[in-house]
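I have placed the structure first, in the form of structure tokens, so that the comments after it can refer back to it.
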Amino acid sequence: MNGDYETDLQEVLHAVDYAEVFVIFFPLLRKSLIIDTRYDMENPPMVRLMPQVSSPQERYRVVRRLRPHFPRLEQMPTIPWYKYVRSLYSMGVVDRIRSRLAQLGDQESVAALDRAADELLRLERLEMASMIKGDNYRTIWPRER
């Protein structure tokens with residue numbers, strides 16, 4: 562899974578530090594982690610783990626539906642994460658997101674990040690077990706009986 566895919570860590574961290582809204586999506590898990598740092602008195606920052614969508618335009622529509630009280634987004638960096646989920650921790654991405662959310666003063670969004678990251682780890686373990694067992698995968702070599 563950590564294969565040949567390059568991840569520009571500096572680009573990822575730049576999005577974490579400066580984008581109002583950014584998405585990290587996990588193709589193998591078919592999930593997207595949406596971080597929306599915009600907030601006002603009634604609406605805290607949002608951290609949400611959601612199903613992957615088919616296009617960036619669809620993701621814009623989803624965010625707009627979830628957060629209609631905020632202005633339309635000019636941009637929303639979308640980062641494909643082909644590495645193991647735990648590499649988000651080892652590469653410092655989760656800590657950087659946690660720091661950004663903590664600076665906003667909303668501890669619930671920090672807790673939501675922790676729950677979402679835990680769920681991603683759980684889903685990854687299940688997916689890896691499915692791969693090993695051949696569940697929902699076509700194997701190259703047939704199982705010997």
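Quick note, our numbering runs 561 ahead of the 1-based positions in the sequence shown.
A virtual CB, placed ideally from N, CA and C, is assigned to each residue, including glycine.
My assumption, with CB atoms under 8 Å, is that residue i sits in contact with residue j. Please give the rounded CB distance.
i	j	result
residue 640	residue 573	6 Å
residue 606	residue 662	6 Å
residue 596	residue 693	In fact, because the Cβ distance is near 31 Å, the residues do not count as touching under 8 Å.
residue 688	residue 610	Contact doesn't hold; Cβ gap of about 14 Å is too wide.
residue 626	residue 633	Not really, about 12 Å apart at Cβ, beyond 8 Å.
Suppose the cutoff is 6 Å on Cβ atoms and the five residues either side in sequence are ignored; what does the same chain contact list for residue i look like?
i	result
residue 673	608
residue 614	620
residue 697	691
Can you tell me which residues form a DSSP beta bridge with residue i?
i	result
residue 640	585
residue 590	In the DSSP output, where bridge partners are listed per residue, residue 590 has none listed.
residue 596	583 and 608
Spatial neighbours of residue i within its chain, please: C-beta separation below 8 Å, excluding the five flanking residues on both sides.
i	result
residue 586	592, 593, 594, 613, 639, 640, 641 and 642
residue 617	637 and 639
residue 628	597, 599, 604 and 607
Closest to residue i by C-alpha separation, out of the options, would be which residue?
i	options	result
residue 646	616, 617 and 680	680
residue 637	578, 603, 690 and 697	578
residue 603	631, 652, 588 and 570	631
residue 677	622, 629, 666 and 650	650
residue 669	584, 575, 580 and 598	598
residue 580	623, 635 and 648	635
Looking at residue i: is its Cβ nearer than 9 Å to the Cβ of residue j?
i	j	result
residue 653	residue 570	yes
I'd like the list of long-range same chain contacts for residue i, defined as Cβ closer than 7 Å, with 5 residues on each side in sequence excluded.
i	result
residue 665	598, 600 and 606
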